[in-house]
Each structure stands twice: as C-alpha cells, then as structure tokens.
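Notes follow once the structure below has been shown.
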Amino acid sequence: MDAEEGETAEEGEAVGVRRFWEQLGLPGLVDVHTHFMPESVLKKVWAYFDGLGPLTGGVEWPITYRAEEDERLGMLREFGVRAFTAMLYPHKPGMAEWLNQWAVDFARRTPDCLHTATLFPEPGVAEYVRRALDDGARVFKAHVQVGAYDPADALLDPAWGVLAEAGTPVVIHCGSGPSPGKHTGPEPVGRVLARHPRLRLVIAHTGMPEYEDFLDLAERFGEVRLDTTMAFTDFSEEFAPFPRRALPRLAGRPRPDLSTRLAGRPRPDPSPRLADPPRLAGLGDRILLGTDFPNIPYPYEHQLRALERLGLGEDWLRAVCHDNGARLFGL
Numbered sequence: 001m002d003a004e005e006g007e008t009a010e011e012g013e014a015v016g017v018r019r020f021w022e023q024l025g026l027p028g029l030v031d032v033h034t035h036f037m038p039e040s041v042l043k044k045v046w047a048y049f050d051g052l053g054p055l056t057g058g059v060e061w062p063i064t065y066r067a068e069e070d071e072r073l074g075m076l077r078e079f080g081v082r083a084f085t086a087m088l089y090p091h092k093p094g095m096a097e098w099l100n101q102w103a104v105d106f107a108r109r110t111p112d113c114l115h116t117a118t119l120f121p122e123p124g125v126a127e128y129v130r131r132a133l134d135d136g137a138r139v140f141k142a143h144v145q146v147g148a149y150d151p152a153d154a155l156l157d158p159a160w161g162v163l164a165e166a167g168t169p170v171v172i173h174c175g176s177g178p179s180p181g182k183h184t185g186p187e188p189v190g191r192v193l194a195r196h197p198r199l200r201l202v203i204a205h206t207g208m209p210e211y212e213d214f215l216d217l218a219e220r221f222g223e224v225r226l227d228t229t230m231a232f233t234d235f236s237e238e239f240a241p242f243p244r245r246a247l248p249r250l251a252g253r254p255r256p257d258l259s260t261r262l263a264g265r266p267r268p269d270p271s272p273r274l275a276d277p278p279r280l281a282g283l284g285d286r287i288l289l290g291t292d293f294p295n296i297p298y299p300y301e302h303q304l305r306a307l308e309r310l311g312l313g314e315d316w317l318r319a320v321c322h323d324n325g326a327r328l329f330g331l
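If you're matching positions, the sequence shown starts at 1 in our numbering and goes up one per residue.
What follows is the structure in structure tokens.
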C-alpha cells in the first residue's frame, strides 16, 4: 500500500496492516515468531545475513526493519500486534542460560511480549528449563539448524519431558530451509515426538521445504502446530514453493469464534468477501501466524497478504492471525 499524503512510509505501512485485521473483525494480531535478543547478538545475526552466511542458502537477504529495539517495538504496536515473542537461540553450549536471563528482564519491561526462553543439548538443560518456567517463560525457541544439534539428543530428553508436562509451546526451526543442516528434516523431530507425544512443538516456517512431511507429523500428533513464518511469500516461493496440492491440509473448520468475543463488537461485513473453500478436515486450528520480524527481506504486510491470497477464507485468516495463538497462550 502506498503511504497516504502527509504520512511517512512507516505510518503508511501501519495503516495497511491495521486495515487487514480490522476488516476481518479482529482485535489485532498474535505473532508467535518475532525476534528480540541482546543487541550485541542481534547485530551479529544481521551481519550474518549481510554476509550471506552458509545457512542463508546464498540468497540475498536485506533486513527490512534494521532499527533500535524501542523503534522495533513501536512498529509492532503500530501494526496492532497485541502479543509477540522474543525468539532467541544459542549456537553453542553455555549460551542458553545467559540468553534466558536476558529474556526475564525483557519480558518484565515488555508486557505485550510472550516471555520466551531457549535451550541447548548440554548438561543441566532440564534444570535451567525448569528455572525459566518458574521465571514465567510461556514459549521456548529451539533452532536445530543454527545450533547444529540433533533434537533427539539424549541430553535434551529430560528437558522435552519437562516442557511436555508443562504444556509449554516450543517454536522449533527444524526444516531444511533455507539451507539444510546435519540434523534438519522431519526424521529427528519424529523421534522426539515418539518419546514425547504431548510435546507442543510449533514447526517454524511450516517446515520449509519439507512442508508435507511436517504436515504428516502434525496430523499424527495432536499437539503439533505450524507457524507461517516466511512461508507463501514471494521471497520463499522462489526457492521453496509450497505445494498447491497440500493447501487443503492447512484448512479445516476453525473452533467457535474467539475474535468477536475478544473484540467486544460484531464483525464488520467486509466486501468483497474472500471465497470460502469447501470445509475439509485439516489443521485450521493449529496454524499460527509467524513473520520473523525484524529479520525479513520484505514488508510485514506482505506476509499477511500472502496468507490472504491462498484463498482459504476469512474464518481461516481470523483463526491463523489471531484466534489460534490467543487460544494457545490464553490471551
């Protein structure tokens, strides 16, 4: 959307994002995959993308929202994101607990952030996972690609058990996009779920590029969810297109409407209405909005419009962009 006369580009974008969810009758967005971490760490992440490190798959990756922390928080709030995460992750032993300590302070000063923690296969992981839960962590991040570890490593087994028992979601980057790692792909995660079938894994990036394999896991294990992060966008469709034949598996009748009750007002009657597909059994109540903000090479609104153009209907959009996440986190 072009900025209206007298608006900055940022203000114009915020208008477009807000218009998207307002026309759906939502009270805002719930984004389960946004990144906040210590500034020194984030700048190293940006430098990695700038340098086209091996895990970027050699794809040009300009950071759209390269700004100071306060400004980035302000952007999400202007967009109307009512809850978001601080996805942070270690790449070596001894780092996770330090990141978790930073996350406690960040969550205390950022009430609209879902307190996020992380983990790594190392001695003592179950103990610091318990401490993070005691400190109020509501979601964990696991990055199999960057951490270069097997999620089924025996060192992690007691930590997965703690998280399964607590019912705490874990957003896990385990797909092989944009570049495969030694332990990426569905097979290692399948071994974790076989041991911990109640573990609430949220498969980041819809499992890109092994989309259908991860849909299989979600259909097999009732607590597995998938986030939309970067999936279906023009950027990702260039190197990891989502198979059109699998779209019906993302659909399915959402649970009774939550957004209208939360918004406290009836939904508007938008025109024109998106065409609703036939109601099919599927994963419609287990797909969650994720964006990868701020580390994305396109505007935030593009992720939303990419979901819209799938043609899965307004009820599906309401569920994905707000209701499923609000239900998962009890918002």
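Heads up, the beta-carbon is just placed ideally off N, CA and C, and yes, glycines get one too.
With respect to the C-alpha of Val-104, the residue from Lys-92, Arg-66, Gly-94 and Leu-88 having the closest C-alpha is Leu-88. Contact fails between the region 40-57 and the region 211-218, because fewer than three Cβ pairs, one in each stretch, are under 8 Å apart.
Per DSSP, reduced to three states, the secondary structure at Val-104 is helical. In the structure shown, Ala-83 adopts extended strand secondary structure according to DSSP, grouped into three states. In this structure, Phe-140 sits away from Thr-110, with a CB-CB distance that is not shorter than 8 Å. One thing to note: Leu-312 has its Cβ no nearer than 8 Å to the Cβ of Leu-217. Below 8 Å, too few C-beta pairs join the region 132-149 and the region 21-30 to call them touching: fewer than three.
For the pair Val-32 and Val-171, the CB atoms are nearer than the 8 Å cut-off.
Taking each of Gly-74, Pro-243, Asp-227 and Phe-239 in turn and checking the Cα distance to Ala-319, the smallest one comes out for Asp-227. Per the DSSP secondary-structure output, Asp-227 pairs in a beta bridge with Leu-288. The residue among Pro-38, Phe-239, Leu-114 and Leu-99 with its C-alpha nearest the C-alpha of Thr-168 is Leu-114. Across the structure, Pro-54 and Ser-179 are spaced so that their CA atoms are roughly 7 Å apart. When DSSP states are grouped into helix, strand and coil, Thr-56 belongs to the helix group. In this structure, DSSP gives Cys-174 a state outside helix and strand, which the three-state scheme calls coil.
Remark: C-beta atoms of Phe-79 and Val-17 approach each other more closely than 8 Å. Spatial neighbours of Gly-58 in its own chain (CB-CB distance under 7 Å, excluding positions within 5 residues in sequence) are listed in chain order as Leu-52.
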